[in-house]
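Asker:
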Amino acid sequence: MATHTEQLTSRPGLADPTAPAAQAAPAVRLRGLTRSFDGRTVLDDVDLDLPAGQLTALLGHSGSGKSTLLRAIAGLDHEVAGSGELSAPDRVSVVFQDSRLLPWRRVLDNVLLGTDGKKAAERGRAALAEVGLAGRERAWPNELSGGEAQRAALARSLVREPELLLADEPFGALDALTRIKMHGLLRELWERHRPSVLLVTHDVDEAIVLADRVLVLDQGRIGLDLTIDRAHPRSYRDPLLGEYRERLLAALGVKEDHAGRQNQENDQ
Amino acid sequence: MTTTTASTTGATTDATAPAGSAGGETAGTTGTTGTTKAAPPVRRIKRRRRGLSPGKRLPASRLIGPVLFFALWAAASAAGQLDTNAIPAPWTVLRTAGQLWSDGTLSTDILTSLQRAGTGFSLGLTAGVVLALTAGLSRVGEALIDGTVQLNRAIPTLGLIPLFILWLGIGETFKIAIIAIVVYIPIYLNLYSALSGIDHRFVELAEVQGLSRLRFIREIVIPGALPGFFVGLRLGVTGSWLGLVVLEQINATSGLGYMMFQAQNYGQTDVILVGLLIYGIFGLVSDSAVRLIERRVLSWRRTLNS
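Protein chains in written order, with the numbering used here: chain A, 109 to 376; chain F, 2 to 307.
#1: Please report the distance separating the alpha-carbon of F:P195 from that of F:L134.
#2: Report the neighbours of A:P211 on chain F: residues whose CB is nearer than 7 Å to its CB, in chain order.
#3: Any beta-carbon of chain A closer than 9 Å to the one on F:L206?
#4: Could you pull out every unbroken beta strand (DSSP E) segment of at least 3 residues lying fully inside the segment 303-371 of chain A, listed in chain order?
#5: With distances taken from CA atoms, which of A:L166, A:L294, A:E351, A:G243 is nearest A:S265?
#6: Relative to the C-alpha of F:D110, which residue among F:N86, F:T127, F:R49, F:Q263 is closest?
#7: What separation, rounded to the nearest whole angstrom, lies between the Cα atoms of F:W301 and F:G268?
#8: What number of angstroms, rounded off, separates the C-alpha of F:T174 from the C-alpha of F:V131?
#9: Helix or strand or just coil, what does DSSP make of F:R202?
#10: Could you confirm whether any beta carbon from chain F is found closer than 9 Å to the beta carbon of A:G232?
#11: Could you check whether the Cβ of A:V200 sits closer than 9 Å to any Cβ belonging to chain F?
#12: Just how far apart, CA to CA, sit A:A260 and A:R214?
#13: Should A:A359 and A:D326 be called a contact, given that it needs their Cβ atoms to be closer than 9 Å?
#14: Using 10 angstroms around the beta-carbon of F:Q116, count the other beta-carbons present and answer buried if the total reaches 16, otherwise exposed.
#15: Compare the C-beta of F:R292 against all C-beta atoms of chain A and say whether one is closer than 9 Å.
#16: Would A:R391 be called buried (16 or more neighbouring beta carbons within 10 Å of its own) or exposed?
#17: Go ahead and pull the three-state DSSP assignment for F:T33.
#18: Looking at the unbroken alpha helix (DSSP H) that takes in F:A77, where does it start and where does it end?
#19: Over the uninterrupted beta strand (DSSP E) stretch that includes A:D198, give me the two end residues.
#20: Answer yes or no: does any C-beta atom of chain A fall closer than 9 Å to that of F:I171?
#21: Rounded to whole angstroms, what's the CA-CA distance from F:V246 to F:L169? Just pull it up for me.
#22: For A:T190, go through chain F and note every residue whose CB falls closer than 8 Å to its CB, in chain order.
#23: With H, G and I counted as helix, E and B as strand and the rest as coil, what does DSSP make of A:A229?
#24: Quick check on A:D276: does DSSP put it in helix, strand or coil?
#25: Does the CB of A:R268 have a neighbour CB from chain D at under 9 Å?
#26: Measure from the alpha carbon of F:G256 to the alpha carbon of each residue in F:V286, F:G129, F:A118, then state which is nearest.
#27: Pull up the CB-CB distance for A:L177 and A:L167, whole angstroms please, since I reckon it's below 8 Å.
#28: Measuring straight from C-alpha to C-alpha, what distance separates A:A129 and A:R302?
#29: Is it true that the CB of F:E220 sits closer than 9 Å to the CB of A:L210?
#30: Run through DSSP, which three-state label would A:D153 get?
#31: Quick check on this structure: which residue in F:W102, F:D104, F:W74 has the alpha carbon closest to the alpha carbon of F:A90?
#32: What are the residues in the segment 190-206 of chain F lying within 8 Å of chain A by C-beta distance?
#33: Measure the CB-CB distance between F:G129 and F:P224 and report whether it falls below 9 Å.
#34: To the nearest angstrom, how far is the alpha carbon of F:N191 from that of A:E256?
#35: With 16 as the cutoff for other CB atoms within 10 Å, does A:H186 come out buried or exposed?
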């Protein structure tokens, strides 16, 4: 607990890269957030601020509670026992691991799900163009590849002009090549629209390449809060990022030699 | 027709025998009759994995079976192999149909039957859809309706006939009521299970996208349940004809079933066959109509099948 509060107090310094945003009120504010399933505590008294406009990655083992945290912020956990304070913006979008497109609606209509008003269609088209799916408006979701479907899901989240974008392992089901392309796209979209982003992932490299700040969730608590102070676009092979990788892997309890092997795999 | 069947048998032997790829191979062997040693690389190409999909649909494939059946029937009749009292020749059946039609009795019987089936079907359809929507979309409705319908389903509907005659009299009402029950059960069961089996991930999506309950039902629950509804609808359509056959043979003064029942008394097998033929045609046509509507409405699914 002591180390935990320590990290919290040292936050302003850590959040420097997005300094103007950090000074404003945080987009997401959690105090003493606790969640448990069948008596098993998944989130244990979590305090967390996400500054507006920051791209934060949340790392953790499977079962570490990262999805629970995301779902709590998204307001998707009505049936879960828990306590604590939580404030989040009104306009929240969520991107899931699966694209979750409705198979009976064409791509554009999927993007516009829940979006009303004049020019909605126009905005939908613009969002599709932004993710590189211009011309596929009339396609059925079944006709899209995995990467295209996930792009459409991104467009659906963008069209609502979210203040906060929650992404739950959005690239987890994609092949390695598509994943790299999607990393570029996400970063590009974030730079253009500047929503606050919480990216839940189990991929350390993904977190390092994309995020300005990486949190490690361990046994229901934020075990490490690391600011990645490197200019974008970042290369997957940047040796300076190796230092961050080591620290993150250590926080995740993965041994060094393991890390080396993983590194080689990724370079191939 | 014969050419298509010939090509089918050709295709099946291709698939079973590893000799495969008939056209290309004959061309290859005629060219390389002397140089058989050039075979190995060719063989490697031939060892294509056997396709497990049934392959392309034959043109008018649904008609091939019935046409073949009638051809056999006609051939057997012409050859004098069939007892004309038991199974009259197809042309006799057609001639009888023509006579009954010009008498005016056939058209009356057909109209009566259509009316019964249509009314019963419409009532059953409405009841099935309303009950399924109520049970599928509200917990109270589910508690009140689902168990009751499941109970109703367990009772063979045709077993209700005696009771319904006592309740509703021997006229049209009981027949229509029975048909409605035969129709509503499969429609209810399939639509209800489709509505309540909606993918939980889509519920979550609707919450995230901020859909109202009404829009959630209209844009996600109903379209998602349509495939299940059509399964029930097709069973219901078939059910309405099934019920009709039985009902019209029990207590009727007109209708196709009545016509057949009368014919039985006079030993007119040709009239019975006319009735069966018309039942068959109606069943086929109504099923095709539902299929057609289904294809239109669920056009998004075609991308999977084609």
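C-beta atoms are modelled at their ideal positions from N, C-alpha and C, and glycine is treated no differently.
Answerer: Walking through what the data contain:
#1: The count along the second sequence starts at 1 and reaches residue 195 of chain F at position 194. The count along the second sequence starts at 1 and reaches residue 134 of chain F at position 133. In the sequence as presented, Pro is not what sits at residue 195 of chain F; that position holds Ala. In a straight line, the C-alpha of F:A195 is about 10 Å away from that of F:L134.
#2: Counting from one through the first sequence, the residue named residue 211 of chain A turns up at place 103. The contacting residues are W301.
#3: Locating residue 206 of chain F in the second sequence gives position 205, where the first residue counts as 1. Yes, its Cβ sits closer than 9 Å to a Cβ of chain A.
#4: 304-309, 321-326, 329-335
#5: In the first sequence, counting from the first residue as 1, residue 265 of chain A sits at position 157. Comparing Cα positions, the closest option is A:L294.
#6: As a first step, residue 110 of chain F is located in the second sequence; it is residue number 109 there, counting from the start. Out of F:N86, F:T127, F:R49, F:Q263, F:Q263 has the C-alpha closest to the C-alpha of F:D110.
#7: Position 300 of the second sequence, counting from 1, holds the residue named residue 301 of chain F. Position 267 of the second sequence, counting from 1, holds the residue named residue 268 of chain F. Going from the Cα of F:W301 to the Cα of F:G268 covers about 52 Å.
#8: Here residue 174 of chain F refers to the residue found at position 173 of the second sequence. Here residue 131 of chain F refers to the residue found at position 130 of the second sequence. Cα to Cα, F:T174 sits roughly 21 Å from F:V131.
#9: Position 201 of the second sequence, counting from 1, holds the residue named residue 202 of chain F. If DSSP states are grouped into helix, strand and coil, F:R202 belongs with the helices.
#10: Locating residue 232 of chain A in the first sequence gives position 124, counting from the first residue. Not an interface residue.
#11: Start at 1 with the first residue of the first sequence, and residue 200 of chain A comes out as number 92. Yes, A:V200 counts as interfacial toward chain F.
#12: Here residue 260 of chain A refers to the residue found at position 152 when the first sequence is read from its first residue. Here residue 214 of chain A refers to the residue found at position 106 when the first sequence is read from its first residue. If I take the Cα positions, the gap works out to 11 Å.
#13: Reading the first sequence from its first residue, position 251 is the one you call residue 359 of chain A. Reading the first sequence from its first residue, position 218 is the one you call residue 326 of chain A. Contact flag set, yes.
#14: By one-based count along the second sequence, residue 116 of chain F stands at place 115. By the 10 Å Cβ count, F:Q116 comes out exposed.
#15: Your numbering for residue 292 of chain F matches position 291 in the second sequence. It does not; no Cβ of chain A falls within 9 Å.
#16: Summary: the structure shown does not reach residue 391 of chain A, with chain A confined to residues 109 through 376, and so no result is reported for it.
#17: Looking up residue 33 of chain F in the second sequence gives position 32. Here the model assigns F:T33 a pLDDT of 42, short of 50, so the residue's position is not dependable, and the following value carries that caveat. DSSP places F:T33 in coil when its eight states are reduced to three.
#18: The residue labelled residue 77 of chain F in the question sits at position 76 within the second sequence. Run containing F:A77: 62-79, per the alpha helix (DSSP H) assignment.
#19: Residue 198 of chain A sits at position 90 when you count from the first residue of the first sequence. Where A:D198 is concerned, there is no enclosing beta strand (DSSP E), given that its DSSP letter is neither H nor E.
#20: Here residue 171 of chain F corresponds to residue number 170 of the second sequence, with the count starting at 1. No, its Cβ sits nowhere closer than 9 Å to a Cβ of chain A.
#21: In the second sequence, residue 246 of chain F corresponds to position 245, counting from 1. In the second sequence, residue 169 of chain F corresponds to position 168, counting from 1. C-alpha separation (whole angstroms): 19 Å.
#22: For the purposes of this step, residue 190 of chain A is taken as the residue at position 82 of the first sequence. Checking the sequence, you will find Gly at residue 190 of chain A rather than Thr. Correct list: empty, because the minimum Cβ distance to chain F is about 17 Å.
#23: As a working note, residue 229 of chain A is residue 121 in the first sequence. Reduced to three states, the DSSP call for A:A229 is helix.
#24: Counted from its first residue, the first sequence places residue 276 of chain A at position 168. Of the three classes helix, strand and coil, the one that applies to A:D276 here is strand, per DSSP.
#25: Here the protein chains are A and F, and chain D is not one of them.
#26: By 1-based counting over the second sequence, the position of residue 256 of chain F is 255. Measuring from the Cα of F:G256, the nearest candidate turns out to be F:A118.
#27: By one-based count along the first sequence, residue 177 of chain A stands at place 69. By one-based count along the first sequence, residue 167 of chain A stands at place 59. With 8 Å as the limit, A:L177 and A:L167 do not qualify as a contact, their Cβ atoms being about 12 Å apart.
#28: Within the first sequence, numbered from 1, the residue matching residue 129 of chain A stands at position 21. Within the first sequence, numbered from 1, the residue matching residue 302 of chain A stands at position 194. Any reading at A:A129 must be qualified, since the residue scores a pLDDT of 44, below 50, and its modelled position is unreliable; no value is offered.
#29: By 1-based counting over the first sequence, the position of residue 210 of chain A is 102. By 1-based counting over the second sequence, the position of residue 220 of chain F is 219. Cβ distance < 9 Å, so A:L210 and F:E220 count as in contact.
#30: Here residue 153 of chain A corresponds to residue number 45 of the first sequence, with the count starting at 1. DSSP places A:D153 in strand when its eight states are reduced to three.
#31: Position 89 of the second sequence holds residue 90 of chain F. Here the closest residue by C-alpha is F:W74.
#32: R202, F203, E205, L206
#33: Translated into the one-based positions of the second sequence, residue 129 of chain F becomes position 128. Translated into the one-based positions of the second sequence, residue 224 of chain F becomes position 223. Not a contact, by the Cβ cut-off of 9 Å.
#34: Here the question's residue 191 of chain F lines up with position 190 in the second sequence. Here the question's residue 256 of chain A lines up with position 148 in the first sequence. Near 33 Å, if we compare the C-alpha coordinates of A:E256 and F:N191.
#35: Here residue 186 of chain A is taken as the residue at index 78 of the first sequence, counted from 1. Exposed, because fewer than 16 other Cβ atoms sit within 10 Å of the Cβ of A:H186.
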